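Peer 1:
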Amino acid sequence: MAAPTIGTRIVRGACPQDCPDTCAFLYHVEDGKLMDVTGDPEHPMTRGGLCVKLNNYAEHHYNPDRLLHPLKRVGPKGSGQYQPITYDEALAAIKQRWTGIIDQYGPQAIMNHCYLGNQGTLNGLTSGDAFFNRLGATIGEKCYCESGSSTAWIMTVGPTGGLDVESLAYAKYIIVWGMNMISTNLHGWPFILEAKAKGAKVVVIDPVRTRTAKGADWHIAIRPGTDGALALGMMQVIIAENLVDHDYVANYTVGYEELKARAAEFPPERVAEITGIPADDIRKLAREYATTQPSAIRQGVAIERSPGGGDAVRLVTSLPALVGAWRHVGGGTVEMPIWDFPFNFDFIQRPDWIRPGTRVVNELDLGRALTGELNLDPPLMSVFIHNSNPVSQQQNANKMIEGLQREDLFTVVSELFMTDTARYADIILPATLQAEQYDLQVTWGHLYVMLNQPAIAAPGECVPNVEMFRRLAKTMGFDDDYWSFSDDELLSRMYDWNAPAMQGITLEKLKEKGWMRLNVGLPHERAPHAKGHFKTPSGKCEFKASAAANGNFVVPVWRNGYTEMQSGEPVDPIPNYIPPVEVGANGHMARYPLNLVSPKPHAFLNSQYANEPYQQGRQGEQRVMIHPKDAEARGVKNGDYVRVFNDRGAFEGRAELSDDVVEGLAMAPLGYWPSLTRSGSAVNVTTSSRHCNLGGAGTQSDNRVEIARI
Ligand SMILES: Nc1nc2c(c(=O)[nH]1)N[C@H]1C(S)=C(S)[C@@H](COP(=O)(O)OP(=O)(O)OC[C@H]3O[C@@H](n4cnc5c(=O)[nH]c(N)nc54)[C@H](O)[C@@H]3O)O[C@H]1N2
Ligand SMILES: Nc1nc2c(c(=O)[nH]1)N[C@H]1C(S)=C(S)[C@@H](COP(=O)(O)OP(=O)(O)OC[C@H]3O[C@@H](n4cnc5c(=O)[nH]c(N)nc54)[C@H](O)[C@@H]3O)O[C@H]1N2
Ligand SMILES: [Mo]
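Okay, so the sequence shown: first residue is 1 according to this note's numbering, each after it adds one.
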């Protein structure tokens, strides 16, 4: 970090990105200009360093391609031809179209599509909910990520933060399961290195030998979508070899006998066939995990990205109770600790404004909804997209594009840049970047409350999402107090500031300090479930889930506060292995022989920064990793351009021959802007619309493709 020069003002902020690290920022400002953004050296997780994505974040604010004024489409949808209009003109145009649509079809013909481009409480995931609930729009379920895992987690252990990532330093055996931490949770990795230095063993379960796998002691290459079988196989060994913590199980769990019966169906030899992991490795993993305490599991989101992903997360989440790992500091598991934060989501989302009988559409089904496949009545006639870039990020992207091309559809996009999604908008509204806005960040990888304070003025006519919705509300004639609350008034109600976890934490103190740790125990002493205290209906770890009686549900945060309609297909009270549909020898689409996984890019944050030269340089062109034998069979050499395709679509990339993937597996990182690639398309044109068995999540890892040399 450069020494501050005279005249440099430091403003405390927090990283806006959808990432478990939520770093503490220091904005360096001179004469109203943002000179640099650095990591706060005092923050226990940030430790003074930002990641490759954010370490030239100041310049990102001055990217000449930023959208600075509202735009109106003047060419065909997708062409990117626009002309500037004033904000008032944009608001008037939106009101006019929406009023017409509401008169003809009712407000449910309008839908919001929002994800986590920004992770604030004012400007993030839930920023449009109050407005669209007030409008009476179709509810968009936001199931891009963690909705399956969180449903599974809550079914099993309840809404608990679980293991603190910082406590990993005290573990003796660490399994990083379906997570590429060095790319995606970089600031959590030092705690693992600390444990490793003290002799802990680190295991990575991932189909790909990732950077993280290379930094571990043992990489277990699992076939995508078979994690549930592996967990059941581990349980079978743990139970058969009597490595169970019977005292813990008797006191703090329910459903052991039923789980035992289920696990008995999964001896290591059967699990080896399903997962591709040798039976002896499964035995060894189970024994070591059970007997090396404290043992910890860091769960990644990738476990959910398969048809059986929800039950897989329930099974993985059940493991620590079986072996009593929760007894110890550093033992247990973490999905995401967000549940320890006492958010006041009812205030943020205003579910009380939802009109009875309002329909719910999973955002991941937007393409199918727009093209008529879902037979919606009334049809969707308008979509409002902010904080998300579905043309790049959403599975079955060609279906999405087909829908967005509809001439009779009125699309509004709020964006920072002219993304591939923005190109389909009728009206574009310009948004602010983090140094220009005020917010309390949501964090999902550590236990600190983080405040972001504005450091510089917003350029042009850019406004934060919260202000955009205030203006839209006023334009639509909403006269509730809610729309005149200042940011501070809103923030003062975003949390239950009187909750025990928030004791001693105030907005005033946060303005001074930037961040404060929740009162939920310090990393070296925290063992939240040493004596049970699970947040399930029974207060125990539910191997047999009482919440299964609700059917397949989506956690209210992702469902926009709406809980009434939470029934769905029945859910087995005892989690099971649900096989992938496409992956595997006889899967659907068997004529496409390769399983493609499309994980997070190292140098982009989903699709953000994929338009920045520095990150493009670090990330390189779209690559497609395949095993040398699969390459040879197709006449593909290292560095050749290849076409990756299936029935759903095709994209191109450069072949990277490597035995970091096994035969039959291919890997292509996510995040490229289709318009910036040679084929005009990216990985999500190949992924399917299918959902994971819980929480409406996607199944991006269950994807069969063929690869050919160009
Ligand atoms: N650099 C960077 N960091 C990020 C992001 C980013 O885009 N770039 N995105 C952020 C977001 S939104 C999220 S949700 C997190 C997610 O971060 P992670 O939880 O790490 O998730 P993924 O990158 O989807 O996948 C992680 C690993 O899972 C493997 N995998 C794929 N399918 C399976 C499977 O079926 N089973 C198992 N065991 N492993 C599988 C992949 O090969 C990959 O190496 O990262 C955040 N951090
Ligand atoms: N194949 C495949 N697909 C995946 C995944 C995968 O692993 N594989 N991962 C999935 C996961 S985990 C996730 S979380 C999703 C992420 O999907 P998205 O949330 O859609 O991801 P981003 O690319 O971050 O897009 C966010 C957009 O919001 C814009 N934005 C940022 N801040 C603001 C703001 O303050 N206001 C407004 N109005 N706009 C803003 C950005 O410019 C960006 O274009 O992708 C999912 N898609
Ligand atoms: Mo995500």
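The C-beta atom is built at its ideal place from N, Cα and C for all residues, glycine as well. From a predicted model like this one, the values you see are computed outputs, not experimental measurements.
Does the beta carbon of residue 388 fall short of 7 Å from some heavy atom of ligand 1?
Peer 2: Within the sequence shown, the letter at position 388 stands for residue 388. Because no heavy atom of ligand 1 lies under 7 Å away, the Cβ of residue 388 does not count as near it: no.
Peer 1: Would residue 2 be called buried (16 or more neighbouring beta carbons within 10 Å of its own) or exposed?
Peer 2: In the sequence shown, counting from the first residue as 1, residue 2 sits at position 2. Model confidence at residue 2 stands at a pLDDT of 48, short of 50, so the residue's coordinates are unreliable and nothing is read from them.
Peer 1: Taking the continuous beta strand (DSSP E) assigned at residue 508, which residues delimit it?
Peer 2: In the sequence shown, residue 508 corresponds to position 508, counting from 1. No beta strand (DSSP E) contains residue 508, which is instead part of the alpha helix (DSSP H) from 507-513.
Peer 1: So which of 379, 310, 168, 522 has the shortest CA-CA distance to residue 545?
Peer 2: Position 545 of the sequence shown holds residue 545. Ranking the options by Cα distance to residue 545, first place goes to 310.
Peer 1: Between which two residues does the beta strand (DSSP E) harbouring residue 595 extend?
Peer 2: Counting from 1 along the sequence shown, the entry for residue 595 is found at position 595. According to the DSSP assignment, residue 595 belongs to the beta strand (DSSP E) that extends over 594-597.
Peer 1: According to DSSP, simplified to helix, strand and coil, what is residue 79?
Peer 2: Residue numbering aside, residue 79 sits at position 79 when the sequence shown is read from its first letter. If DSSP states are grouped into helix, strand and coil, residue 79 belongs with coil.
Peer 1: So residue 313 is in the alpha helix (DSSP H); what residue range does that whole segment cover?
Peer 2: Counting from 1 along the sequence shown, the entry for residue 313 is found at position 313. That run of the alpha helix (DSSP H) goes 309-323.
Peer 1: Starting from residue 343, follow its DSSP beta bridges and name the residues at the other end.
Peer 2: In the sequence shown, residue 343 corresponds to position 343, counting from 1. DSSP lists 495 as partners of residue 343.
Peer 1: My guess is that residue 70 and residue 467 are in contact by the Cβ rule of under 8 Å, so how many angstroms apart are they, rounded?
Peer 2: Here residue 70 corresponds to residue number 70 of the sequence shown, with the count starting at 1. Here residue 467 corresponds to residue number 467 of the sequence shown, with the count starting at 1. The Cβ separation is near 13 Å, so there is no contact.
Peer 1: Below 8 Å on the Cβ atoms is my guess for residue 602 versus residue 52; work out the distance and round it to an integer in Å.
Peer 2: Numbered from 1 along the sequence shown, position 602 holds the residue referred to as residue 602. Numbered from 1 along the sequence shown, position 52 holds the residue referred to as residue 52. Yes, residue 602 and residue 52 are in contact; Cβ-Cβ is about 7 Å, under 8 Å.
Peer 1: Would you check whether ligand 2 has a heavy atom nearer than 7 Å to the C-beta of residue 417?
Peer 2: For the purposes of this step, residue 417 is taken as the residue at position 417 of the sequence shown. Yes.
Peer 1: Considering only heavy atoms of ligand 3, does any lie closer than 7 Å to the CB of residue 248?
Peer 2: Here the question's residue 248 lines up with position 248 in the sequence shown. Checking every heavy atom of ligand 3 against the Cβ of residue 248, none is found closer than 7 Å.
Peer 1: Give the secondary structure of residue 706 by DSSP, where H, G and I count as helix, E and B as strand, and everything else as coil.
Peer 2: What you label residue 706 is simply residue 706 of the sequence shown in a count that begins at 1. If DSSP states are grouped into helix, strand and coil, residue 706 belongs with the strands.
Peer 1: Starting from the Cα of residue 351, find the closest Cα among 136, 668, 206 and give me that residue.
Peer 2: As a position in the sequence shown, residue 351 is number 351, starting the count at 1. Closest by alpha carbon: 136.
Peer 1: Do residue 392 and residue 420 have their beta-carbon atoms positioned less than 8 Å apart in this structure?
Peer 2: Taking the first residue of the sequence shown as position 1, residue 420 is located at position 420. Taking the first residue of the sequence shown as position 1, residue 392 is located at position 392. Going by C-beta atoms, residue 420 is nearer than 8 Å to residue 392.
Peer 1: With distance defined between alpha-carbon atoms, name the residue in 532, 249, 528, 113 nearest to residue 387.
Peer 2: Residue numbering aside, residue 387 sits at position 387 when the sequence shown is read from its first letter. Closest option to residue 387, Cα to Cα, is 113.
Peer 1: Taking the alpha-carbon positions, what's the residue 327 to residue 178 distance?
Peer 2: Taking the first residue of the sequence shown as position 1, residue 327 is located at position 327. Taking the first residue of the sequence shown as position 1, residue 178 is located at position 178. Looking at the two C-alpha atoms, the distance is approximately 24 Å.
Peer 1: Quick one: Cα of residue 782 to Cα of residue 25, how far?
Peer 2: There is simply no residue 782 to check, as the chain begins at 1 and stops at 710 in what is shown.
Peer 1: Under the three-state reduction of DSSP, which class applies to residue 414: helix, strand or coil?
Peer 2: Taking the first residue of the sequence shown as 1, we reach residue 414 at position 414. The answer is strand: DSSP assigns residue 414 an E or B state.
Peer 1: Where does residue 251 fall in DSSP's three states?
Peer 2: Working through the sequence shown from its first residue, we reach residue 251 at position 251. In the structure shown, residue 251 sits in a helix (DSSP, three-state: H, G or I).
Peer 1: How about residue 536: is its Cβ closer than 7 Å to a heavy atom in ligand 2?
Peer 2: Residue 536 sits at position 536 when you count from the first residue of the sequence shown. No - ligand 2 has no heavy atom lying nearer than 7 Å to the Cβ of residue 536.
Peer 1: Cβ atoms of residue 649 and residue 681: under 8 Å apart, would you say?
Peer 2: Your numbering for residue 681 matches position 681 in the sequence shown. Your numbering for residue 649 matches position 649 in the sequence shown. Closer than 8 Å, so yes.
Peer 1: Ordered along the chain, which non-local residues of its own chain (more than five positions away) have a Cβ less than 8 Å from that of residue 539?
Peer 2: Position 539 of the sequence shown, counting from 1, holds the residue named residue 539. Around residue 539: 532, 533.
Peer 1: Using DSSP's beta-bridge definition, name the partner residues of residue 636.
Peer 2: As a working mapping, residue 636 is identified with position 636 in the sequence shown. In DSSP, residue 636 forms no bridge with anything.
Peer 1: Let me make sure I understand the geometry here. Which of 535, 599, 411 has the alpha-carbon closest to that of residue 97?
Peer 2: As a first step, residue 97 must be located in the sequence shown, where it is residue number 97. Looking at the Cα atoms, 411 is the closest of the given residues.
Peer 1: Do the stretch 243-252 and the stretch 275-285 touch if we need at least three Cβ pairs shorter than 8 Å?
Peer 2: no
Peer 1: Of the residues 665, 610, 537, which one's Cα is nearest the Cα of residue 157?
Peer 2: Here residue 157 corresponds to residue number 157 of the sequence shown, with the count starting at 1. It is 537.
Peer 1: Can you give the Cα-Cα distance for residue 732 and residue 485, rounded to whole angstroms?
Peer 2: Outside the displayed span of the chain (1 to 710) sits residue 732, for which this structure offers no information.
Peer 1: List the residues that DSSP assigns as beta-bridge partners of residue 689.
Peer 2: Mapped onto the sequence shown, residue 689 falls at position 689. Paired residues: none, contrary to the question.
Peer 1: Straight-line CA distance for residue 358 to residue 422?
Peer 2: To locate residue 358, count along the sequence shown from 1; it is residue 358. To locate residue 422, count along the sequence shown from 1; it is residue 422. The alpha-carbon atoms of residue 358 and residue 422 are separated by roughly 27 Å.
Peer 1: If I follow the unbroken alpha helix (DSSP H) through residue 58, where does it start and stop?
Peer 2: Translated into the one-based positions of the sequence shown, residue 58 becomes position 58. Its alpha helix (DSSP H) spans residues 57-61.
Peer 1: Three-state secondary structure (DSSP) at residue 722?
Peer 2: As shown, the chain starts at 1 and ends at 710. That puts residue 722 outside it, with no answer to give.
Peer 1: Since residue 172 and residue 294 are thought to touch, with beta carbons under 8 Å apart, how far apart are those beta carbons, to the nearest angstrom?
Peer 2: As a position in the sequence shown, residue 172 is number 172, starting the count at 1. As a position in the sequence shown, residue 294 is number 294, starting the count at 1. Right, their Cβ atoms sit about 6 Å apart.
Peer 1: Under 8 Å, with one C-beta from each stretch per pair, do the stretch 652-667 and the stretch 206-213 reach the 3-pair mark?
Peer 2: yes
Peer 1: Whole angstroms are fine: how far does the CA of residue 647 sit from the CA of residue 170?
Peer 2: Here residue 170 is taken as the residue at index 170 of the sequence shown, counted from 1. Here residue 647 is taken as the residue at index 647 of the sequence shown, counted from 1. Those two C-alpha atoms are separated by around 48 Å.
Peer 1: When every heavy atom of ligand 3 is checked, does at least one fall within less than 7 Å of the C-beta of residue 21?
Peer 2: Taking the first residue of the sequence shown as 1, we reach residue 21 at position 21. Outside the cutoff, so no.
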